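Asks: Going letter by letter, the sequence shown gives residues 14 to 538 in the numbering used here. We put the CB at the ideal spot given by N, CA and C, even for glycine. Note that the coordinates shown come from a computational prediction; the quantities given were computed from them, not determined experimentally. First, the structure itself, so that you have it in front of you.
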Amino acid sequence: MKTMMEGAFILTIASFIAKVLSAIYRIPFQNIVGDEGFYVYQQVYPIYGIAMTFALTGFPQFLSKLVAEQTGPQEKRRILDESYSLLWWSAFILWAITFLFSRGLASSMGDPELAIVIRVASFTFLLMPALSLYRGLFQGELLMVPTAVSQVIEQLLRVGVILLSAVAFTHFSLSVYQTGAFAMSGAFVGGLMAWLILIYYDRKIYGIHLRPQLFLPRIPKKSRLVRRFFVEGGLVSVYSGMLILFQLVDSFLIVNSLTSSGLAEQSAKVAKGIYDRGQPLVQLGLVVATALSATFLPALTKLIIQNNQKKFVMSAKIYLRFTSAIAGAASCGLAVLVPYLNFALFKDSLGNTTLMAFVLAVGLMAEVQAYQSIAQSQGVYFQALKAAAKGFVVKLLATGILVFYLGTLGASLATLLGLFTVLWSLTKAEKKSINRFKKERHFAWKLISCLFLMLITLLLFFSVIRLTFGALDTRLFAFILSLLAVLLGAGVFIKAAVMLDLFTVREWLLLPFGKKILRIGGKNK
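This is the structure in structure tokens:
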């Protein structure tokens with residue numbers, strides 16, 4: 014269990030660095046190209062996001078589960094060879110559809126000029142098989158460093174290309190669409206470097222110079238594996254990229270619904286660009302939940318294979334407690350911080366209400382990912398797929414209606430409704446023994462108390478700041494306040510969690526720095 018949590022910590026740090034980089038580029042990019050230029054990039058971002066969800070979390074988690082099920086090196090090699098063939102053909106089909114039908118997709122989004130950006134984004138799918146294969150292999154052996162390093166380097170290069178595109182926009186008078194295509198090419202450049210890094214680790218750890226199946230994918234023949242690939246792998250990918258899929262719905266519906274409600278096309282594009290500011294905030298809030306999911310899934314699978322039901326239930330409940338606490342604190346804290354982060358990062362306070370509602374998706378999405386991982390480790394797939402389908406339909410139906418009447422706030426509310434539908438369905442289908450985690454030792458009430466104390470402290474802090482300094486006047490001041498508020502909120506939440514015994518001493522000790530937290534919190538026993 015300790016090794017498992019260390020793996021989660023490594024992925025958390027890497028994901029945090031990657032998400033910080035992902036948030037940082039949005040500041041100069043949006044400041045230079047404006048909300049319309051930001052809209053162009055974000056409209057097509059879901060295509061890149063889907064490809065990277067497959068390559069970073071979705072299929073690597075599925076492959077890590079397959080690797081964890083195998084007992085010997087030959088079995089592992091065979092299952093990886095077969096899986097890679099399926100990945101390769103799936104990626105090729107996705108690339109072909111996206112590339113060849115780019116004009117139709119762009120027109121459906123309400124902006125035919127997006128076609129060039131879509132075509133550039135489509136090439137990211139071609140890197141999906143190799144990245145998924147290597148990351149799944151390493152994570153299945155609980156080797157998280159290769160995934161972590163490749164992820165950080167990938168984001169560094171991607172962000173570098175995006176910033177270059179912003180410079181080109183200024184110095185070479187590129188259009189917002191040419192700039193968007195240039196920026197999107199960073200995804201392919203970064204993914205290519207990530208592949209090279211994973212090849213290096215493969216050689217270093219296993220002594221393999223290059224896996225031949227990367228160039229000679231076969232036609233998959235085993236129907237059972239094909240079924241598992243699409244059911245299990247598809248399930249992990251759907252849940253890992255659920256917010257990306259919801260964002261894809263937004264790309265097709267928000268601008269069209271806003272223009273139908275009477276808003277001018279240019280104003281609708283700007284409004285969509287402002288709404289998209291919430292994406293990096295939510296991604297940042299979900300870092301820990303994603304890392305916990307990537308680490309707990311193979312470990313829970315092994316417990317099921319060993320038929321250790323008692324330990325499985327215990328581990329699942331610990332997983333849910335950690336997820337609920339961390340994601341709850343992140344979502345509530347972000348909601349309070351939005352007005353300051355929005356001004357600090359994007360120069361103004363437009364869309365605060367919309368963004369405050371949107372970041373609450375962090376808590377719901379983290380719980381959804383946790384329940385999905387637990388269901389998958391037990392071999393329960395169709396109920397989870399049904400839950401995802403219900404949530405997607407709710408998001409699809411609600412977005413058009415709510416955006417027409419409420420503007421972009423309606424899109425945020427539609428996202429929350431969709432995620433709540435998924436979570437409700439998953440909770441209803443899960444075993445009572447696992448769902449009891451909320452009632453055991455009054456965990457739910459203790460968590461609510463911790464969140465309440467954190468929120469009250471933050472609201473008092475910002476009230477004192479407003480009375481002392483007045484309205485915000487500089488972005489730097491807003492950013493410093495945000496950092497101080499993060500430290501203050503985290504400190505209050507952790508202190509309250511220790512004092513109220515939110516986790517047992519044993520659970521605290523599973524967390525990185527858990528012993529130090531207990532000592533600082535006054536629990537010296």
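Is Ala342 helix, strand or coil when you go by DSSP?
Replies: Correct three-state label for Ala342: helix.
Asks: Counting pairs of Cβ atoms below 8 Å between the segment 259-269 and the segment 422-438, do you hit three or more?
Replies: Verdict: yes, contact present.
Asks: Can you check which of these residues, Leu79, Arg90, Met197, Ser188, is closest to Val130 by C-alpha distance?
Replies: Nearest option by C-alpha distance: Met197.
Asks: For Gly346, is the classification buried or exposed, using 16 other Cβ atoms within 10 angstroms of its Cβ as the cut-off for buried?
Replies: Gly346 is buried by the Cβ-count criterion.
Asks: If Phe417 and Ser274 are in contact, beta carbons under 8 Å, what's the gap, nearest whole angstrom?
Replies: The pair is a contact, with the Cβ atoms about 5 Å apart (cut-off 8 Å).
Asks: Please state the DSSP three-state secondary structure of Gln391.
Replies: Gln391: coil per DSSP, three-state reduction.
Asks: Quick check on the DSSP output: the alpha helix (DSSP H) that includes His184 runs from which residue to which?
Replies: Taken as a continuous stretch (DSSP letters only), the alpha helix (DSSP H) holding His184 covers 158-184.
Asks: Could you check what DSSP says for Leu363 in three-state terms: helix, strand or coil?
Replies: Of the three classes helix, strand and coil, the one that applies to Leu363 here is coil, per DSSP.
Asks: Pick helix, strand or coil for Lys452, following the three-state DSSP scheme.
Replies: Three-state result, Lys452: coil.
Asks: Determine the closest residue to Val515 out of Thr272, Leu464, Met378, Leu146, with distance taken between C-alpha atoms.
Replies: This sequence places Leu at residue 515; Val is not what is there. Answer by Cα proximity: Leu464.
Asks: Confirm, please, whether the CB-CB distance from Val53 to Val189 is below 7 Å.
Replies: Their beta carbons are under 7 Å apart, which means Val189 touches Val53 by this criterion.
Asks: Identify, in the order they occur along the chain, each residue of the same chain with its Cβ nearer than 7 Å to the Cβ of Phe474, setting aside the five sequence neighbours on each side.
Replies: For Phe474, where only same-chain residues beyond five positions count, the Cβ hits under 7 Å are Ala498, Leu501.
Asks: Where in the segment 494-529 do unbroken runs of the alpha helix (DSSP H), each at least 4 residues long, occur, reported from the N-terminal end onward?
Replies: The segment 494-529 contains these whole alpha helix (DSSP H) runs: 518-523.
Asks: Under DSSP, the alpha helix (DSSP H) around Glu245 begins and ends at which residues?
Replies: Careful: Glu245 lies outside any alpha helix (DSSP H) and carries neither H nor E.
Asks: Phe395: buried (16+ other C-beta within 10 angstroms of its C-beta) or exposed?
Replies: Exposed is the call here.
Asks: Relative to the C-alpha of Gln56, which residue among Leu415, Leu266, Leu187 is closest?
Replies: Closest option to Gln56, Cα to Cα, is Leu266.
Asks: My assumption, with CB atoms under 8 Å, is that Pro41 sits in contact with Leu176. Please give the rounded CB distance.
Replies: Correct: roughly 6 Å between the Cβ atoms.
Asks: Closer than 8 Å is the cut-off here; do at least three beta carbon pairs connect the segment 201-210 with the segment 160-170?
Replies: Cβ pair count under 8 Å is three or more, so yes.
Asks: Across the segment 396-407 and the segment 432-439, are there enough close Cβ pairs to call them in contact, namely three or more that are closer than 8 Å?
Replies: Touching, yes, given that three or more Cβ pairs across the two stretches are closer than 8 Å.
Asks: Suppose the cutoff is 6 Å on Cβ atoms and the five residues either side in sequence are ignored; what does the same chain contact list for Ala194 look like?
Replies: Taken in chain order, the residues that qualify are Ile129, Val130, Val133.
Asks: In three-state terms, what does DSSP make of Phe42?
Replies: In this structure, Phe42 counts as helix in the three-state DSSP scheme.
Asks: At which residues does the alpha helix (DSSP H) containing Ser270 begin and terminate?
Replies: Note, Ser270: alpha helix (DSSP H), 255-273.
Asks: Mark Glu380 as exposed unless 16 or more other C-beta atoms lie within 10 angstroms of its C-beta, in which case mark it buried.
Replies: Buried, since its Cβ has 16 or more Cβ neighbours within 10 Å.
Asks: Locate the alpha helix (DSSP H) running through Gly104, then write down its first and last residues.
Replies: The sequence given here places Ala at residue 104; Gly does not occur at that position. Here the alpha helix (DSSP H) through Ala104 covers 86-113.
Asks: Going by DSSP, what residue range makes up the alpha helix (DSSP H) through Thr434?
Replies: Its alpha helix (DSSP H) spans residues 421-442.
Asks: Do you know offhand how far Thr111's Cα is from Thr366's?
Replies: Roughly 34 Å separates the two Cα atoms.
Asks: Once DSSP output is grouped into helix, strand and coil, what is the label at Val407?
Replies: In the structure shown, Val407 sits in a helix (DSSP, three-state: H, G or I).
Asks: Select from Leu299, Ala348, Leu468 the residue whose C-alpha is nearest the C-alpha of Val33.
Replies: Of Leu299, Ala348, Leu468, the residue nearest in Cα terms is Leu299.
Asks: Using 10 angstroms around the beta-carbon of Asp486, count the other beta-carbons present and answer buried if the total reaches 16, otherwise exposed.
Replies: Exposed.
Asks: How far does the alpha helix (DSSP H) with Ala281 in it extend, from its first residue to its last?
Replies: Counting along the chain, the alpha helix (DSSP H) containing Ala281 begins and ends at 278-288.
Asks: Give the secondary structure of Asn355 by DSSP, where H, G and I count as helix, E and B as strand, and everything else as coil.
Replies: Helix.
Asks: Go ahead and pull the three-state DSSP assignment for Met122.
Replies: If DSSP states are grouped into helix, strand and coil, Met122 belongs with coil.
Asks: Between Arg39 and the rest of its own chain, which residues show a CB-CB distance below 6 Å, the 5 nearest in sequence each way excluded?
Replies: Same-chain partners within the cutoff: Pro293.
Asks: If Asp124 sits next to Ile287, beta carbons under 8 Å apart, how far is it from one beta carbon to the other, in whole angstroms?
Replies: Wrong, their Cβ atoms sit about 16 Å apart, outside the cutoff.
Asks: Whole angstroms is fine: what's the gap from Ala179's alpha carbon to Gln87's?
Replies: Each residue's alpha carbon lies about 49 Å from the other.
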